[in-house]
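**Q** Quick one: the structure is below, and I'll ask about it shortly.
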Amino acid sequence: MQLLRSPAFHCGVRCIHRTIEEFKHGRDPNEPLRQGEATADPNRSSDGFFKHFVDELRNQIRGTPTDPPPPPKNAISKNAPQKR
Numbered sequence: 001m002q003l004l005r006s007p008a009f010h011c012g013v014r015c016i017h018r019t020i021e022e023f024k025h026g027r028d029p030n031e032p033l034r035q036g037e038a039t040a041d042p043n044r045s046s047d048g049f050f051k052h053f054v055d056e057l058r059n060q061i062r063g064t065p066t067d068p069p070p071p072p073k074n075a076i077s078k079n080a081p082q083k084r
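The sequence shown runs 1 to 84 under the UniProt record's numbering.
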């Protein structure tokens, strides 16, 4: 019984209900924007990380890394004069 009196429980149920309703019927145009939605880029896809991850895996399988590592700084160049 105490769970049903808890404000956190009702907040969680409200959030789940809102998410399901938006998935089924779409966003209510009369509802105000949530935090961060006004500045969010509408053209940005949500699969950005997954696409980047798959591209990186493909590049590694091909043997062409996206960003090859820089040469070590302490490597001795063949053309540089050596100290004796």
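Every residue, glycine too, gets a C-beta built ideally from N, C-alpha and C.
None of the values given here were measured: they were computed from a predicted structure.
Measure the CB-CB distance between Pro65 and Asn74 and report whether it falls below 9 Å.
**A** Position 65 of the sequence shown, counted from the start, is the residue given in the question as residue 65. Position 74 of the sequence shown, counted from the start, is the residue given in the question as residue 74. No, they are not a contact pair.
**Q** Under 9 Å between the Cβ atoms of Glu37 and Asp28?
**A** For the purposes of this step, residue 37 is taken as the residue at position 37 of the sequence shown. For the purposes of this step, residue 28 is taken as the residue at position 28 of the sequence shown. No; because the gap between Cβ atoms is not below 9 Å, this pair is not in contact.
**Q** Tell me which residues share the same chain as Asp55 and place their Cβ nearer than 8 Å to its Cβ, disregarding the 5 neighbours each side in the sequence.
**A** Indexing the sequence shown from 1 puts residue 55 at position 55. Correct list, in chain order: Thr66.
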